Structures are given as C-alpha cells and as structure tokens.
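Colleague:
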Amino acid sequence: MQTPIDRLGLMLDDEMARVNDLIRERMASRHAPRIPEVTAHLVEAGGKRLRPLLVLAAARLFDYAGPYHIHLAATVEFIHTATLLHDDVVDESTQRRGRPTANLLWDNQSSILVGDYLLARAFQLMTDTGEMRVLKILSNASATISEGEVLQLSAAQDLATTEEIYLQIIRGKTAALFSAATEVGAVIAGADERQIAALYDYGDALGIAFQIADDLLDYGGKPGATGKNIGDDFREGKLTLPVIKAVAKSAGADREFWRRVIEKGDQRDGDLEHALKLLAATGAMEAARQDALGWSAKARAALDALPEGELRDILAELADFVVARIA
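Just so you know, this note's numbering puts 244 at position 215 of the sequence shown, and the rest follows in order with no gaps.
1) Classify R128 as helix, strand or coil using the three-state DSSP reduction.
2) Verify whether the separation of the beta carbon atoms of A209 and I198 is less than 8 Å.
3) Helix, strand or coil for K267? Go by DSSP, reduced to three states.
4) I think L206 touches H109, with their Cβ atoms under 8 Å apart; what is that distance to the nearest whole Å?
5) Count Cβ pairs between the region 330-347 and the region 30-37 that sit closer than 8 Å; are there 3 or more?
6) Taking DSSP as the reference, what is the three-state secondary structure of M30?
7) Using the Cβ count rule (16 or more neighbours within 10 Å means buried), how would you classify L113?
8) Report the residue from R200, Y195, E315 and R297 whose alpha carbon sits nearest the alpha carbon of A172.
9) Does the contact criterion of 3 or more C-beta pairs under 8 Å hold for the region 312-328 versus the region 220-240?
10) Secondary structure at R55, three-state DSSP: helix, strand or coil?
11) Answer yes or no: does any C-beta atom of chain D fall closer than 8 Å to that of D42?
12) Rounded to the nearest angstrom, what separates V351 and A242 at their Cα positions?
13) Over what stretch of residues does the alpha helix (DSSP H) that includes I291 continue unbroken?
14) Determine the closest residue to N169 out of K202, G144, A227 and E292, with distance taken between C-alpha atoms.
15) Counting C-beta neighbours from all protein chains within 10 Å, is the total for E54 16 or more, i.e. buried, or is it exposed?
16) With a CB to CB cut of under 7 Å and the five nearest residues on each side skipped, what residues in its chain are close to R288?
17) Can the beta-carbon of L268 be found less than 8 Å from the beta-carbon of T156?
18) Suppose the cutoff is 7 Å on Cβ atoms and the five residues either side in sequence are ignored; what does the same chain contact list for Y93 look like?
19) Roughly how many angstroms lie between the CA atoms of A317 and S58, to the nearest whole one?
20) Out of D116, L228 and Y146, point me to the one whose CA is closest to L90's CA.
21) For D261, which residues from the same chain have a beta carbon less than 7 Å from its beta carbon, with the 5 sequence-adjacent residues on both sides left out?
22) How long is the line joining the alpha carbons of L142 and A310, rounded to whole angstroms?
23) Excluding the five sequence neighbours on either side, which residues of its own chain have a C-beta within less than 6 Å of the C-beta of A313, listed in chain order?
24) Taking contact to mean at least 3 C-beta pairs separated by less than 8 Å, is the region 76-88 in contact with the region 100-108?
25) Just the Cα atoms here: how many angstroms apart are L357 and F107?
26) Spatial neighbours of E176 within its chain, please: C-beta separation below 7 Å, excluding the five flanking residues on both sides.
27) Which word fits H60, buried or exposed, when buried means at least 16 other C-beta atoms lie within 10 angstroms of its C-beta?
28) Give the secondary structure of S369 by DSSP, where H, G and I count as helix, E and B as strand, and everything else as coil.
29) Would you give the residue range spanned by the alpha helix (DSSP H) that Y231 belongs to?
30) With 16 other CB atoms within 10 Å as the buried threshold, where does R150 fall?
31) Closest by CA to P336, which one among Q181, I225 and K165?
32) Within a Cβ cutoff of 6 Å, which residues of the same chain sit near A204, ignoring the five residues on either side of it in sequence?
33) With distance defined between alpha-carbon atoms, name the residue in Q186, L305 and L332 nearest to E292.
34) Nearest to G159 by CA position, among R284, P96, V67 and W324, is which residue?
Structure (structure tokens):
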C-alpha cells in the first residue's frame, strides 16, 4: 500500500531525481575523499527524503517552474544530514536507519567535520537562488536547530523539564527544518503572504507531530519503524513527552525510580520494562498520543488556505500518516 510519502515521491519524481543529482554533485570533494564516503553512507541509506519533498511540493502548489526549488530541496537535505551526523556523535549512537552510524564506521572526528562540510555546502546552495528572504529563513532555521539541540542537552536527565521546554526542544531540533522547507518552497514560488504563513504553520505542526510520534515509538514501536533500538531515549536519559507526563503524575517509589534511572543514570536489568508499565499506568503514552494527533489536526487545518487539488490532499494525508504509526 502506498504511503503519502510514496505518492509525493511519485508525483515529484522528475524533480526529485534532479535534487538527487545535485546532492551527489555537491557532496563531492576533489581533495578529501572521505567526505563523499561518509556522506554517501547516510545520504544513500534509503531515507524518504521527506524534507526536500516538502520544498518541492510547496513550490508545485503554486506552479513554480524552477530551477531554484531544486537548490533549496538539496539545501534542506544537506542541513538535515549534517544534523544527523552531529547527533549521532553527541548521542553516541551506533545505528541510524537500520545501519551502523558513520561515527561507528569511521570516527567522531570524521562525522563532525563532514557534517560541517555539508552545512557549508548548504549555504553555498542557498546563495545560488539570490533570494535574501530564502537565506534568512534557512539561516534562522539552522540556528534554531542548533539551539534546540543544545537545549535538549541541558534538559537531559533533568526531571524538572516541563512540556513547554520539551515543545521548545522539538520545535527547534525537528519542526524548524520542516517549516523552513515548506516556507521557502512557497517563497521561491511567489506565493502570497497568507499562503506562505499557512505553509509555515503546516510544516511546524507536521514536524511537532512527527517528533512526538518518534518519541512514542521509542517506547512502543518496532525497531524498523524508526531505525533505532527500542528504549534508546530511555537509556540516554532523554526527557521525551511520555516520560515528562509520567514523571508529573508520579510520587513516592515511582518518582524515585525515575530519579534513579533518568537523573542518576543508574539503570539495571528490567528497568525499561518497569518504565513501560509506569508509562501505561499513568496514561502518559495515550496522553502523548493525543497531543500528536492534535498537532496533526493543526497541520491539516493550515492547508485550508492553499489551492485545492491532489497535492494538497496528499499533504493532508501526510499529516495523518506521521501519527498513524502510533495508532
């Protein structure tokens, strides 16, 4: 059965092929062969390319003929890939999209420096458009992503982390690039301000729903659904939405459990299973699921300001799809 991402890919197949060609061209390096080796390992790993597809879809909504949506789609993929390389070093991850991470196959230094190279390439690509507004949107998004990652680092293992802080983190580390992708696609296509704002709102809500769903899957999904191992966030002491909700309803021995496994990092055999029982008993998983569904509905509602047609319908289905994984 085709997913909305599959349908987007088919609808935008020719343009996506040009994006992939541009990615391969710009990730090359005459002087440092490790750069294309490390980049290709992640770029060619079979990801859905959702963020570049969102750029192309936003531009197609307004019949943009190109060529700069191709540059912008490649730009957001480079920014995304750079953040993945950096994240895997910070998180000491060993698996990404079901494959060994670059830092495991090579080393941390290569992952960090190749990530830096891709960010530089991203900024070269976005300058090709000659659009100052596009530069501002994507440079702001890059800063927001970094800010979100640092905030997540400082909030890790802190049981005082609130849902408000969590939302700020995921709006930075995930939703910022979704909303930048949809916004720049509309800007480069010459959409009016109301439509540009609608696409920003769509990308923002879609990204938040996507990340909450991912965080839920860490406690209740199949490894293939996220490309990670179940319980990775738990083992890393991340305060994701289900845990934040569970901690807020915990007292006594239950709160001491969370303090030991999250704040102190003292995790033992059976702790993940006990955490899952507490998440279920407090209703935290279902409450977080309802939050994800709420953000999905906001994404769909934002599309009302956009031109009707098959593409808008697919984007609406995409908003449902990113949370259907946690049904």
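Glycine is no exception: its CB is placed at the ideal position from the N, C-alpha and C atoms. Keep in mind it's a predicted model, so treat the numbers as computed, not measured.
Modeller: Judging by the given coordinates:
1) Reduced to three states, the DSSP call for R128 is strand.
2) Contact: no.
3) K267 falls in the coil class under three-state DSSP.
4) The Cβ separation is near 6 Å, so the contact holds.
5) By the Cβ rule, the region 330-347 counts as touching the region 30-37, because three or more pairs are nearer than 8 Å.
6) Three-state DSSP puts M30 in coil, outside helix and strand.
7) L113 is buried by the Cβ-count criterion.
8) Distance check between A172 and each of R200, Y195, E315 and R297 places R200 closest, using alpha-carbon atoms only.
9) With a cut-off of 8 Å, the region 220-240 and the region 312-328 count as touching, because enough Cβ pairs lie within range.
10) Correct three-state label for R55: helix.
11) This model lacks chain D altogether, as it is built from one protein chain only.
12) Near 7 Å, if we compare the C-alpha coordinates of A242 and V351.
13) Careful: I291 lies outside any alpha helix (DSSP H) and carries neither H nor E.
14) The shortest Cα separation from N169 among K202, G144, A227 and E292 belongs to K202.
15) In the assembly as shown, E54 is an exposed residue. Its beta-carbon has fewer than 16 other beta-carbons within 10 Å.
16) Listed in chain order, the non-local C-beta contacts of R288 below 7 Å within the same chain comprise L188, local neighbours out to five positions each way being set aside.
17) For the pair L268 and T156, the CB atoms are not nearer than the 8 Å cut-off.
18) Setting aside the 5 residues that flank it on each side, Y93 is surrounded in the same chain by I217 and A218, each with a C-beta closer than 7 Å to its C-beta; the list follows chain order.
19) CA-to-CA, the gap between A317 and S58 works out to about 44 Å.
20) Relative to L90, the option among D116, L228 and Y146 whose CA is nearest is L228.
21) A distance below 7 Å between beta-carbons, with the five flanking residues on each side excluded, links D261 to the following residues of its chain, in chain order: D247.
22) If you take the alpha carbons of L142 and A310, they lie about 44 Å apart.
23) Excluding residues up to 5 positions away in sequence, P271, K274 and A275 lie with their Cβ nearer than 6 Å to the Cβ of A313 in the same chain.
24) Result yes; three or more Cβ-Cβ pairs closer than 8 Å.
25) No answer is possible for residue 357: the residues shown for the chain start at 30 and end at 356.
26) Cβ neighbours of E176 beyond the five flanking positions: G201.
27) Answer is exposed; the Cβ neighbour count stays below 16.
28) Residue 369 is absent from the structure shown; the chain starts at 30 and stops at 356.
29) Counting along the chain, the unbroken alpha helix (DSSP H) around Y231 starts and ends at E222 to G249.
30) Buried, because 16 or more other Cβ atoms sit within 10 Å of the Cβ of R150.
31) The shortest Cα separation from P336 among Q181, I225 and K165 belongs to I225.
32) Same-chain partners within the cutoff: D233, G236 and I237.
33) Per the Cα distances, Q186.
34) Checking every option, the nearest Cα to that of G159 belongs to P96.
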